[in-house]
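A short worksheet on the structure shown next.
Numbering (the working numbering), first residue to last: 1 to 239.
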């Protein structure tokens with residue numbers, strides 16, 4: 001089986017690419033430059049230079065592929081940026097996949113994406129349109145909606161750690177009581193790697209959430225506690 005992955009140079013994408021290669025699948029990664037894709041190449045991924053705004057490069061990237069794993073997304077920008085990168089880019093990629101005879105399309109959406117939330121912020125609106133595009137494509141498809149994804153070596157967790165460690169006041173989302181279920185990045189990657197050929201996943205949408213339900217206040221309290229324990233342990237060793 002051959003798989004094209006977009007967004008493979010990102011925090012989650014790198015883990016997904018590694019999980020796919022661990023299954024000994026042939027993986028082609030869409031990258032803006034070979035330099036950015038050096039780690040993927042070292043794992044045995046074929047690199048395809050291209051961009052979500054360039055239909056010709058997407059057509060070249062999907063040629064001969066059985067499955068597409070689409071992870072490209074942005075979290076900040078103007079409404080026009082979300083439209084260009086996420087909505088228009090997905091439409092171009094789906095069209096290229098259809099023309100190339102791709103069998104399956106696996107999409108990363110986001111927890112909270114729905115018809116009710118699509119008008120709240122451009123991010124949710126774009127994710128909703130991406131889901132609708134894939135669902136209407138006629139391709140076998142699987143959609144994942146991850147919660148807050150964390151890991152040791154990337155994502156937003158290091159930012160939260162820096163905020164607690166260095167900021168005199170820690171910013172909290174909303175009133176701090178909203179609940180979330182953080183999910184480990186390797187668990188997310190395993191789900192994507194399994195979905196490329198799972199008959200049971202076909203045509204379904206899955207929320208990807210970890211086992212612990214916490215509020216933003218509780219999350220930051222845990223971070224403060226862990227950092228405090230780490231500092232105390234360091235002082236004890238030095239003494």
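For each residue, glycine too, the CB sits at the ideal point set by N, CA and C.
Check: I believe residue 65 touches residue 2 by the beta-carbon criterion, under 8 Å. Please report the beta-carbon distance rounded to the nearest angstrom.; Outcome: 5 Å
Check: Could you check whether the region 174-193 touches the region 10-28, counting it as contact only if at least three pairs of C-beta atoms, one from each stretch, sit closer than 8 Å?; Outcome: yes
Check: Which of the three DSSP states, helix, strand or coil, is assigned to residue 108?; Outcome: strand
Check: For the beta strand (DSSP E) that contains residue 205, what are its first and last residues?; Outcome: 205-208
Check: In angstroms, rounded to a whole number, what distance separates the CA positions of residue 37 and residue 222?; Outcome: 35 Å
Check: Along the chain, where does the beta strand (DSSP E) that runs through residue 117 open and close?; Outcome: From DSSP, residue 117 is part of no beta strand (DSSP E); its letter is neither H nor E.
Check: Between the alpha carbons of residue 73 and residue 99, how many angstroms are there, rounded?; Outcome: 23 Å
Check: Distance check for residue 58 and residue 239, CA to CA, integer angstroms please.; Outcome: With a pLDDT of 45 at residue 239, under the threshold of 50, the predicted position of this residue should be treated as unreliable, and no value is reported.
Check: State buried or exposed for residue 213, treating a residue as buried only when at least 16 other CB atoms are found within 10 Å of its CB.; Outcome: exposed
Check: From residue 200 to residue 228, what distance separates their C-alpha atoms?; Outcome: 45 Å
Check: Determine the burial state of residue 32: buried for a count of at least 16 other Cβ atoms within 10 Å of its Cβ, exposed for fewer.; Outcome: exposed
Check: Quick check on this structure: which residue in 50, 185, 135, 216 has the alpha carbon closest to the alpha carbon of residue 210?; Outcome: 185
Check: At what residues does the beta strand (DSSP E) containing residue 47 begin and finish?; Outcome: 46-49
Check: Along the chain, where does the alpha helix (DSSP H) that runs through residue 79 open and close?; Outcome: 79-82
Check: What's the C-alpha gap between residue 106 and residue 28?; Outcome: 15 Å
Check: DSSP three-state label for residue 5, please.; Outcome: strand
Check: Can you give me the Cβ contacts of residue 283 inside the same chain, cut-off strictly under 6 Å, excluding the 5 residues immediately before and after it?; Outcome: Residue 283 cannot be examined here, being either before or after the span of the chain that is shown, 1 to 239.
Check: Please state whether the Cβ-Cβ distance between residue 94 and residue 134 is less than 8 Å.; Outcome: yes
Check: To test your reading of the DSSP string, which unbroken beta strand (DSSP E) runs of 3 or more residues are found completely within the region 128-215?; Outcome: 140-146, 149-151, 205-208
Check: DSSP has residue 102 in a bridge; who is on the other side?; Outcome: Residue 102 pairs with nothing; no bridge assigned.
Check: Take residue 43 as the anchor and find which of 50, 112, 26, 55 has the nearest alpha-carbon.; Outcome: 26
Check: Would residue 40 and residue 144 qualify as a contact pair, given that the criterion is a beta-carbon distance under 8 Å?; Outcome: no
Check: DSSP beta-bridge partners for residue 28?; Outcome: 4, 46
Check: Using a Cβ-Cβ cut-off of 8 Å (strictly less than) and excluding sequence neighbours within five positions of residue 198, which residues of its own chain qualify?; Outcome: 142
Check: Whole angstroms is fine: what's the gap from residue 92's alpha carbon to residue 226's?; Outcome: 45 Å
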